[in-house]
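The listed protein sequences correspond, in order, to chains A and B.
Counting from 1, position 36 in the first sequence corresponds to residue 35 in numbering that gives the first Met the number 0; the numbering is continuous, with no gaps.
Counting from 1, position 1 in the second sequence corresponds to residue 0 in numbering that gives the first Met the number 0; the numbering is continuous, with no gaps.
Think of the CB as a built atom: it goes at the ideal place given N, C-alpha and C, for glycine as much as any other residue.
Notes to accompany the following structure.
2 protein chains.
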Amino acid sequence: MIDRLAIVGLGLLGGSVARAARARSLAREIVAVGRDARRMETARRDGTVDRVTTDIADGIGAADFCVIATPVATLLDLLPAVCQALPAGAVLTDVGSTKARIVAEAERLGQARSVRFIGSHPMAGSEQSGYAVARADLFEGATVILTPTERSDRDALAQVDRLWRALGARLVRLEPAAHDRAVAAISHLPHLVADALVDAVVRMDPAFLDLAARGFKDTTRIAAASPLMWREIFLDNRPALAEALAAFRKALDHLEGIVAAEDGPALERELERIKQVRERLP
Amino acid sequence: MIDRLAIVGLGLLGGSVARAARARSLAREIVAVGRDARRMETARRDGTVDRVTTDIADGIGAADFCVIATPVATLLDLLPAVCQALPAGAVLTDVGSTKARIVAEAERLGQARSVRFIGSHPMAGSEQSGYAVARADLFEGATVILTPTERSDRDALAQVDRLWRALGARLVRLEPAAHDRAVAAISHLPHLVADALVDAVVRMDPAFLDLAARGFKDTTRIAAASPLMWREIFLDNRPALAEALAAFRKALDHLEGIVAAEDGPALERELERIKQVRERLP
Numbered sequence: 000m001i002d003r004l005a006i007v008g009l010g011l012l013g014g015s016v017a018r019a020a021r022a023r024s025l026a027r028e029i030v031a032v033g034r035d036a037r038r039m040e041t042a043r044r045d046g047t048v049d050r051v052t053t054d055i056a057d058g059i060g061a062a063d064f065c066v067i068a069t070p071v072a073t074l075l076d077l078l079p080a081v082c083q084a085l086p087a088g089a090v091l092t093d094v095g096s097t098k099a100r101i102v103a104e105a106e107r108l109g110q111a112r113s114v115r116f117i118g119s120h121p122m123a124g125s126e127q128s129g130y131a132v133a134r135a136d137l138f139e140g141a142t143v144i145l146t147p148t149e150r151s152d153r154d155a156l157a158q159v160d161r162l163w164r165a166l167g168a169r170l171v172r173l174e175p176a177a178h179d180r181a182v183a184a185i186s187h188l189p190h191l192v193a194d195a196l197v198d199a200v201v202r203m204d205p206a207f208l209d210l211a212a213r214g215f216k217d218t219t220r221i222a223a224a225s226p227l228m229w230r231e232i233f234l235d236n237r238p239a240l241a242e243a244l245a246a247f248r249k250a251l252d253h254l255e256g257i258v259a260a261e262d263g264p265a266l267e268r269e270l271e272r273i274k275q276v277r278e279r280l281p
Numbered sequence: 000m001i002d003r004l005a006i007v008g009l010g011l012l013g014g015s016v017a018r019a020a021r022a023r024s025l026a027r028e029i030v031a032v033g034r035d036a037r038r039m040e041t042a043r044r045d046g047t048v049d050r051v052t053t054d055i056a057d058g059i060g061a062a063d064f065c066v067i068a069t070p071v072a073t074l075l076d077l078l079p080a081v082c083q084a085l086p087a088g089a090v091l092t093d094v095g096s097t098k099a100r101i102v103a104e105a106e107r108l109g110q111a112r113s114v115r116f117i118g119s120h121p122m123a124g125s126e127q128s129g130y131a132v133a134r135a136d137l138f139e140g141a142t143v144i145l146t147p148t149e150r151s152d153r154d155a156l157a158q159v160d161r162l163w164r165a166l167g168a169r170l171v172r173l174e175p176a177a178h179d180r181a182v183a184a185i186s187h188l189p190h191l192v193a194d195a196l197v198d199a200v201v202r203m204d205p206a207f208l209d210l211a212a213r214g215f216k217d218t219t220r221i222a223a224a225s226p227l228m229w230r231e232i233f234l235d236n237r238p239a240l241a242e243a244l245a246a247f248r249k250a251l252d253h254l255e256g257i258v259a260a261e262d263g264p265a266l267e268r269e270l271e272r273i274k275q276v277r278e279r280l281p
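In structure tokens, the structure reads:
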């Protein structure tokens with residue numbers, strides 16, 4: 000059991016970690032650290048957290064386990080102060096959607112202070128954000144990717160693994176760089192493409208949007224997600240996103256070429272192959 | 000009330016027209032015409048249709064209202080025989096996802112035989128197909144686009160309009176060419192893009208698919224639709240699809256350029272603008 004769990008950033012993910020940890024009695028005390036004390040006050044009043052503070056050192060100075068759950072750029076900005084304030088030996092993890100830069104920074108800063116960092120990426124987002132939509136069951140059945148490295152402390156890895164398992168998640172381990180390529184392909188690319196799809200219709204004729212049916216709505220749902228959060232993800236994962244975009248352009252060129260050549264049988268074969276891949280998704 | 004309603008092609012859409020018309024008693028008799036009598040027999044036994052036949056002339060020779068509900072290419076192949084067999088004055092409509100070619104052909108063939116054609120496109124598909132998934136409520140709240148031209152018979156237009164309204168649909172009227180551009184933008188483009196997204200991940204590393212979360216599944220759901228049906232739609236709507244693809248590439252290039260330039264504020268502004276468009280969708 001965690002003695003003092005500190006959560007920095009009480010949005011959808013941080014709030015859901017707090018709610019889930021409280022519901023399962025995984026920590027004796029839960030402290031929330033954020034920029035806006037008034038906004039966090041809801042969580043204190045509803046019993047999800049025991050204490051809220053806008054002062055990082057005050058909030059995490061005595062924590063044995065800390066989760067940073069801010070957007071990616073904020074996380075990189077906060078890391079020095081967090082590693083400075085945490086007691087030696089504390090376990091630190093995050094919920095960032097990109098990993099290579101975060102893990103490198105956190106390991107560098109953490110090592111100097113004996114803070115034991117393990118990168119986490121719970122794949123349980125939503126196009127909504129904020130504590131109001133946080134749920135104790137958000138991680139049940141969700142995939143959480145851990146990105147330990149050869150420098151990671153084995154005991155800290157076991158503790159982070161145990162926390163996510165206790166919240167109901169399915170755990171996968173990947174190298175930070177492999178993680179960034181994988182999420183570029185299955186999350187960041189589809190997101191940028193959904194944005195471009197909406198914009199393509201605006202460019203052709205915005206009136207067409209009145210005819211949008213379920214297919215268009217499903218395909219573009221993620222285009223309604225937080226612009227600030229996705230700005231940071233796209234920028235931070237630029238190299239892997241560029242690789243995914245290149246693969247996507249090849250795939251699209253290939254399909255478009257078959258359509259332009261009016262090769263019906265080849266088109267049907269390709270659509271059948273892709274349908275089978277899609278149907279095998281978990 | 001329709002006296003004898005003939006439905007050519009008893010799949011998801013044709014079957015749903017039959018079920019909905021029967022449930023609302025919109026026709027005295029419903030006849031299904033298809034290639035496979037055994038497959039249609041289910042609909043006769045469950046009371047949805049009164050008679051099934053594989054012979055077009057036999058099935059529609061005495062119909063006053065006929066709906067062709069086959070895939071697009073089959074529809075174009077069947078049109079001559081259908082217009083030949085229908086009695087003079089009969090109303091003919093379809094459910095095709097493309098309209099310019101179908102309307103031109105049907106008006107040309109229909110005129111010679113006094114068959115009154117009105118193009119329909121019910122936007123109520125699914126990634127599933129076949130009579131087994133047909134539903135009496137499929138068109139409730141769905142948008143049906145009618146594509147009358149200056150050559151259309153006003154009384155036939157009123158009858159087709161009345162049928163879809165009786166099935167619960169919201170009606171929109173567009174010129175055939177405008178229809179094809181609109182559906183290229185909001186249906187055919189997203190579909191081809193969803194296919195390319197799935198294939199892009201296969202090209203990068205198929206193992207990444209194991210990590211697919213809700214966002215990827217939503218965005219690529221339509222990639223599981225019928226390859227035969229979509230082969231015909233993509234090929235038939237080639238020119239409008241090419242225009243939509245060009246608009247999409249411009250939109251994607253624009254976003255990718257901002258990411259490559261690491262212009263955070265511009266990226267956030269664009270994502271915010273697109274999010275607002277997406278959120279206004281009906």
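What residues in the segment 242-264 of chain B bring their beta carbon closer than 8 Å to a beta carbon of chain A?
GLU242, ALA243, LEU244, ALA246, PHE247, LYS249, ALA250, LEU251, HIS253, LEU254, GLU255, VAL258, ALA259, GLU261 and GLY263
Rounded separation between TRP163(B) and GLU106(B) - CA only
Counting from one through the second sequence, the residue named residue 163(B) turns up at place 164. Counting from one through the second sequence, the residue named residue 106(B) turns up at place 107. Cα to Cα, TRP163(B) sits roughly 20 Å from GLU106(B).
Tell me the start and end of each unbroken alpha helix (DSSP H) in the segment 15-95 of chain A that is at least 4 residues and wholly inside, in chain order.
List check, alpha helix (DSSP H) in window: 36-44, 55-59 and 71-84.
Is the distance from the Cβ of ILE305(A) to the Cβ of HIS187(A) below 8 Å?
Within the shown structure, residues of chain A are numbered from 0 to 281, placing residue 305(A) beyond reach of any answer.
Do ALA199(B) and ALA243(A) have their C-beta atoms within less than 8 Å of each other?
Indexing the second sequence from 1 puts residue 199(B) at position 200. Indexing the first sequence from 1 puts residue 243(A) at position 244. Yes, Cβ-Cβ distance for ALA199(B) and ALA243(A) is below 8 Å.
Listed from N- to C-terminal order along the chain, which residues in the segment 67-96 of chain A have their beta-carbon within a distance smaller than 7 Å of any beta-carbon of chain D?
Looking at the structure shown, chain D is missing, and the protein chains on hand are A and B.
Hey, out of LEU191(A), LEU234(A), GLY58(A) and ALA19(A), whose CA is closest to PRO86(A)'s CA?
As a position in the first sequence, residue 86(A) is number 87, starting the count at 1. When only C-alpha atoms are compared, the closest one is GLY58(A).
Below 8 Å between beta carbons: does that hold for ARG44(A) and GLY88(A)?
What you label residue 44(A) is simply residue 45 of the first sequence in a count that begins at 1. What you label residue 88(A) is simply residue 89 of the first sequence in a count that begins at 1. Going by C-beta atoms, ARG44(A) is not nearer than 8 Å to GLY88(A).
Residue-chain proximity (ALA199(B), chain A), Cβ-Cβ < 8 Å:
Here residue 199(B) is taken as the residue at index 200 of the second sequence, counted from 1. Cβ-Cβ to chain A under 8 Å: yes for ALA199(B).
Quick check on PRO121(A): buried or exposed, where buried means 16 or more other Cβ atoms within 10 Å of its Cβ?
Against the first sequence, residue 121(A) aligns to sequence position 122. Flag for PRO121(A) reads buried.
With three or more C-beta pairs closer than 8 Å as the rule, is the segment 214-228 of chain B touching the segment 216-233 of chain A?
The segment 216-233 of chain A vs the segment 214-228 of chain B: in contact.
Can ALA26(A) and ALA195(B) be called in contact, C-beta distance under 8 Å?
Here residue 26(A) refers to the residue found at position 27 when the first sequence is read from its first residue. Here residue 195(B) refers to the residue found at position 196 when the second sequence is read from its first residue. Taking 8 Å as the Cβ cut-off, ALA26(A) and ALA195(B) do not qualify as a contacting pair.
Cross-chain neighbours of GLU278(A) in chain B, by beta carbon under 7 Å:
Reading the first sequence from its first residue, position 279 is the one you call residue 278(A). Within 7 Å Cβ-Cβ: ALA223.
I need the DSSP call for ALA5(B), collapsed to helix, strand or coil.
Indexing the second sequence from 1 puts residue 5(B) at position 6. In this structure, ALA5(B) counts as strand in the three-state DSSP scheme.
Looking at GLY109(B): is its Cβ nearer than 8 Å to the Cβ of CYS82(B)?
As a first step, residue 109(B) is located in the second sequence; it is residue number 110 there, counting from the start. As a first step, residue 82(B) is located in the second sequence; it is residue number 83 there, counting from the start. Their beta carbons are under 8 Å apart, which means GLY109(B) touches CYS82(B) by this criterion.
With PHE116(B) as the anchor, note down where its alpha helix (DSSP H) starts and where it stops.
As a first step, residue 116(B) is located in the second sequence; it is residue number 117 there, counting from the start. That residue, PHE116(B), is in no alpha helix (DSSP H); its beta strand (DSSP E) goes 115-117.
What is the rounded straight-line gap between the Cα of VAL71(B) and the Cα of ALA133(A)?
Here the question's residue 71(B) lines up with position 72 in the second sequence. Here the question's residue 133(A) lines up with position 134 in the first sequence. The straight-line gap separating the alpha-carbon atoms of VAL71(B) and ALA133(A) is approximately 46 Å.
Since VAL30(B) and ALA56(B) should fall inside the 8 Å C-beta cutoff, what is the C-beta to C-beta distance between them, to a whole number of angstroms?
As a first step, residue 30(B) is located in the second sequence; it is residue number 31 there, counting from the start. As a first step, residue 56(B) is located in the second sequence; it is residue number 57 there, counting from the start. That pair is no contact at about 12 Å.
Report back the beta-carbon spacing between VAL66(A) and ASP93(A) to the nearest angstrom; my notes put them in contact at under 8 Å.
Taking the first sequence and counting its residues from 1, one reaches residue 66(A) at position 67. Taking the first sequence and counting its residues from 1, one reaches residue 93(A) at position 94. Contact flag correct, Cβ pair sits at about 7 Å.
Looking only at its chain, what residues have a beta carbon closer than 6 Å to the beta carbon of ALA155(A), apart from the 5 residues adjacent to it on each side?
Within the first sequence, residue 155(A) is the residue found at index 156, counting from 1. So the list reads VAL90, ARG115 and ILE117, once near-sequence residues are dropped.
Residue from ARG23(B), ARG3(B) and GLY140(B) whose Cα sits closest to the Cα of VAL171(B)
Taking the second sequence and counting its residues from 1, the one referred to as residue 171(B) is at position 172. When only C-alpha atoms are compared, the closest one is GLY140(B).
Any chain B beta carbon closer than 8 Å to GLU308(A):
With chain A running from 0 to 281 in the structure shown, residue 308(A) is simply not present.
The alpha helix (DSSP H) spanning ARG279(A) covers which residue range?
Stepping through the first sequence from its first residue, residue 279(A) is reached at position 280. That residue, ARG279(A), is in no alpha helix (DSSP H); it is neither H nor E in DSSP.
By the criterion of Cβ-Cβ separation under 9 Å, what are the contact partners of ALA212(B) in chain A?
Position 213 of the second sequence, counting from 1, holds the residue named residue 212(B). Against chain A, a Cβ distance below 9 Å from ALA212(B) picks out MET122, ALA123, GLY124, ALA141, THR142, ILE185 and SER186.
Run through DSSP, which three-state label would MET0(A) get?
Your numbering for residue 0(A) matches position 1 in the first sequence. Coil at MET0(A), not helix or strand.
Going by Cα to Cα distance, which pick from LEU227(B), GLU271(B), ARG202(B) and ARG272(B) is closest to ALA181(A)?
Position 182 of the first sequence, counted from the start, is the residue given in the question as residue 181(A). The shortest C-alpha separation from ALA181(A) is found at ARG202(B).
Given a cut-off of 8 Å, decide if LEU173(A) and GLU267(B) are closer than it, judged by their beta-carbon atoms.
As a first step, residue 267(B) must be located in the second sequence, where it is residue number 268. As a first step, residue 173(A) must be located in the first sequence, where it is residue number 174. No, the Cβ-Cβ distance between GLU267(B) and LEU173(A) is not below 8 Å.
Per DSSP, VAL171(B) is paired with what?
By one-based count along the second sequence, residue 171(B) stands at place 172. Answer by DSSP bridge pairing, in chain order: ILE144(B).
What's the call for ALA246(A), buried or exposed, on a 16-neighbour Cβ count within 10 Å?
Within the first sequence, residue 246(A) is the residue found at index 247, counting from 1. ALA246(A) should be labelled buried.
Tell me the DSSP bridge mates of HIS120(A)?
Stepping through the first sequence from its first residue, residue 120(A) is reached at position 121. Looking at the DSSP assignment, HIS120(A) forms a beta bridge with ILE144(A).
According to DSSP, simplified to helix, strand and coil, what is PHE138(A)?
Sequence index remark: in the first sequence, residue 138(A) carries index 139 (1-based). Three-state result, PHE138(A): coil.
Could you give the distance in angstroms between the alpha-carbon of VAL143(B) and the alpha-carbon of PRO175(B)?
Translated into positions along the second sequence, residue 143(B) becomes position 144. Translated into positions along the second sequence, residue 175(B) becomes position 176. Across the structure, VAL143(B) and PRO175(B) are spaced so that their CA atoms are roughly 13 Å apart.
List the residues of chain A whose Cβ lies closer than 9 Å to the Cβ of ASP194(B), in chain order.
Here residue 194(B) refers to the residue found at position 195 when the second sequence is read from its first residue. Simply ALA250, LEU251, LEU254, GLU269, LEU270, ILE273, LYS274 and ARG277.
For SER113(A) and LEU280(B), what's the separation of their Cα atoms in angstroms?
Translated into the one-based positions of the first sequence, residue 113(A) becomes position 114. Translated into the one-based positions of the second sequence, residue 280(B) becomes position 281. Here the alpha carbons of LEU280(B) and SER113(A) stand approximately 51 Å from one another.
Rounded to whole angstroms, what's the CA-CA distance from ALA222(A) to ARG169(A)? Just pull it up for me.
Mapped onto the first sequence, residue 222(A) falls at position 223. Mapped onto the first sequence, residue 169(A) falls at position 170. Rounded to whole angstroms, ALA222(A) to ARG169(A) spans 26 Å at the Cα level.
From the beta carbon of LEU227(A), is the nearest beta carbon of chain B less than 8 Å away?
Residue numbering aside, residue 227(A) sits at position 228 when the first sequence is read from its first letter. Under the 8 Å criterion on CB atoms, LEU227(A) is classed as interfacial with respect to chain B.
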